[in-house]
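Residue numbering for the sequence shown follows my numbering, starting at 1 and increasing by one per position.
One structure below.
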Amino acid sequence: MTAPRVEIRLDHIEANARTLVDRLAPRGIRVTGVTKAALGSPGVAGALLRGGASGIADSRVENLARLRSAGFGASLTLLRSPTPSQARQVVTHADVSLNSEVVVLDALSRAARSEARDHAVILMVELGDLREGVAVDRVVDLARAADRLTGIELVGLGTNLACQCGVAPDQRKMDQLTRLVEDVEGVTGAALSVVSGGNSANLDWALSTAEVGRVDELRLGEALLLGTEPLHRRAIDGLHTDAFTLFAEVIEVQDKPAQPWGTLAQTAHGAPAPRPGRGTVRQALVAVGRQDTDPDGLTPAEGLTILGASSDHLVLDVGDHPLAVGDQVAFALAYGALVRAMTSPYVHQVEVAPTVVPVRR
Ligand SMILES: *Cc1c(COP(=O)(O)O)cnc(C)c1O
1 MTAPRVEIRL DHIEANARTL VDRLAPRGIR VTGVTKAALG SPGVAGALLR GGASGIADSR
61 VENLARLRSA GFGASLTLLR SPTPSQARQV VTHADVSLNS EVVVLDALSR AARSEARDHA
121 VILMVELGDL REGVAVDRVV DLARAADRLT GIELVGLGTN LACQCGVAPD QRKMDQLTRL
181 VEDVEGVTGA ALSVVSGGNS ANLDWALSTA EVGRVDELRL GEALLLGTEP LHRRAIDGLH
241 TDAFTLFAEV IEVQDKPAQP WGTLAQTAHG APAPRPGRGT VRQALVAVGR QDTDPDGLTP
301 AEGLTILGAS SDHLVLDVGD HPLAVGDQVA FALAYGALVR AMTSPYVHQV EVAPTVVPVR
361 R
């Protein structure tokens, strides 16, 4: 099969969704499946929904449009605030969007009216990670403004932690979100139906707390796709961590000195990565590089070591692996490496059908 390619085990993604949906349901928390690391792949979205996700969310309206035109009827949420200039596309392709600016709400309101569509909005609250969200003491005012606008409906509050500054979700922050929900309901008089507590970084909290408060939804990407939690990048018990594998082809295998020689200056990508060791290494060149993925987020099989990468080449110390030119090497992908591999026009995406094991009676 052609390389480089990412092989996607949809059955593993579905199983991951099922496991987390089943663990969170007794706590009254729904799972919205986030497809942005998979570019809004219809195959991945389908697996998440089969696994019990209550809807799909993505940060790009283009990805939601892709899902809509693939025929998805499930609720689609835009995670990144709409840009005012895309308001029409947003109300056309997304049922819900996450918002923090009255100017954007205004644009959505106008677009929803002119397209004769209903659009639901969730207001994002800044709880310390310093990415999106309105300050705690401005939430009620923004909610009032949203409530007054026609064409859009205020359905909930949300927050996002751990993405920008690595601030971990905790009980105090989640309690604060619950109190804000009550404040907003107090002034608008309408019950909020979505309290979106956060992303995969909220799982530890959600699965261990004695008090979920009003939090009734998490937006999960990494946990479902890679089986890892982002706070400490640990595998989550019971989840598949191998739903995505990158394959790339070997184009040179030669014994080379461990150390470069000559006058050392910068490389194409800045300061060179120091090479370990002395003597001779058996080195393989693999036809994949920084244009295709993030080499720092690749993990090869045991016994293979990544020595460095440039735009189009990855250099491996192959030790005594019997690698030959033309062989394909498999790599596990961390989140950043996955995003870049899925975004690169050079990397093919292959959805691997689950192997059907016949049932013997
Ligand atoms: C990316 C994103 C998510 C999903 O994050 P994961 O860590 O992949 O679970 C959730 N919410 C927002 C706002 C996001 O941008």
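C-beta atoms are modelled at their ideal positions from N, C-alpha and C, and glycine is treated no differently.
Since this is a predicted model, take the numbers as computed values, not measurements.
Nearest to residue i by alpha carbon, out of the options?
i    : options                : result
Y335 : V104, Q254, L323, T293 : T293
T150 : A341, A120, D312       : A120
D11  : G166, R23, A47, D237   : A47
S75  : A57, N63, Q86, R66     : A57
S100 : N63, G156, L203        : G156
G238 : V139, R9, L20, T2      : L20
L220 : L67, M1, T2, E14       : E14
A275 : A309, L246, G71, L39   : The sequence shown places Arg at residue 275, not Ala. Comparing Cα positions, the closest option is A309.
R278 : V253, D317, T263, Q86  : D317
L362 : S85, P42, A87, P82     : Outside the shown range of the chain (1 to 361) lies residue 362, about which nothing can therefore be said.
S81  : G71, F72, D106         : D106
L338 : A301, D296, G326, S311 : D296
S145 : S109, V136, R172       : Note that residue 145 corresponds to Ala in the displayed sequence, not to Ser. Taking only the C-alpha atoms, the option nearest A145 is S109.
R233 : L203, A258, L218       : L203
R131 : A112, I152, V167       : V167
D170 : V194, E211, R148, V195 : E211
M174 : R214, G133, D95, G71   : R214
N160 : V286, D129, R9         : D129
R378 : A301, V315, H269       : Because the chain here runs from 1 to 361, residue 378 falls outside it and cannot be looked at.
V286 : A330, D320, P257, E302 : A330
G319 : G326, A301, R172       : A301
If you drop the 5 nearest sequence neighbours on each side, which residues of the same chain put their C-beta closer than 6 Å to that of residue i?
i    : result
A332 : T299
P272 : none
D183 : V140
S344 : D292
A112 : V91, H119, G151, I152
N199 : R219
C165 : D129, L130
T178 : G213, R214
Would you kindly work out how many angstroms separate the C-alpha atoms of residue i and residue j, rounded to a whole number?
i    : j    : result
E229 : T280 : 39 Å
M124 : L78  : 12 Å
V250 : Q349 : 19 Å
L225 : G197 : 19 Å
A45  : E126 : 28 Å
L304 : A235 : 21 Å
G186 : L64  : 33 Å
G28  : D216 : 6 Å
A284 : S59  : 37 Å
A201 : A223 : 9 Å
A262 : R5   : Sequence check: residue 262 is Gly here, not Ala. Between G262 and R5, the C-alpha separation is close to 36 Å.
P26  : T241 : 24 Å
V352 : I306 : 26 Å
G73  : Y346 : 31 Å
A248 : S54  : 35 Å
Q176 : T267 : 49 Å
F244 : G189 : 46 Å
V253 : K36  : 36 Å
S97  : D255 : 55 Å
I446 : V288 : It is not possible to answer for residue 446, since the shown part of the chain is limited to 1 through 361.
Q328 : V31  : 36 Å
V61  : P322 : 46 Å
R340 : H313 : 15 Å
T209 : V134 : 26 Å
L24  : R290 : 37 Å
A265 : Q259 : 14 Å
D95  : L142 : 20 Å
L49  : V34  : 11 Å
Does the beta carbon of residue i come closer than 9 Å to any beta carbon on chain C?
i    : result
G297 : No chain C is part of this structure, which consists of one protein chain only.
At which residues does the beta strand (DSSP E) containing residue i begin and terminate?
i    : result
P300 : 298 to 300
I306 : 305 to 309
R290 : From DSSP, R290 is part of no beta strand (DSSP E); its letter is neither H nor E.
V76  : The question names Val, but residue 76 in the sequence shown is Leu. Note, L76: beta strand (DSSP E), 76 to 78.
A248 : 244 to 257
L314 : 314 to 317
Q349 : 348 to 352
Hey, quick one: how far does the alpha helix (DSSP H) through residue i stretch, first residue to last?
i    : result
A223 : 222 to 226
T343 : 335 to 343
Between which residues of its own chain and residue i is the CB-CB distance below 7 Å, once the five residues before and five after are set aside?
i    : result
R18  : G51, G52
L192 : V155, G156, L157, V181, V184, E185
V103 : P84
L39  : N63, M342, T343
L231 : A162, A168, A201, D204
E115 : R88, V91, T92
G71  : none
Here's a check: name, in chain order, each residue in its chain whose Cβ is nearer than 8 Å to the Cβ of residue i, leaving out the five neighbours to either side.
i    : result
V136 : V125, E126, L127, Q176, L180
A324 : V250, V253
Ordered list of beta strand (DSSP E) runs contained in the stretch 83 to 151, each at least 3 residues: 96 to 99, 119 to 125
Every unbroken beta strand (DSSP E) within the stretch 9 to 68, with a cutoff of 3 residues, ordered by chain: 30 to 34, 55 to 58
Runs of beta strand (DSSP E) wholly within the stretch 153 to 224 (minimum 3 residues, chain order): Taking only runs of at least 3 residues, the beta strand (DSSP E) segments lying wholly in the stretch 153 to 224 are 194 to 196, 217 to 220.
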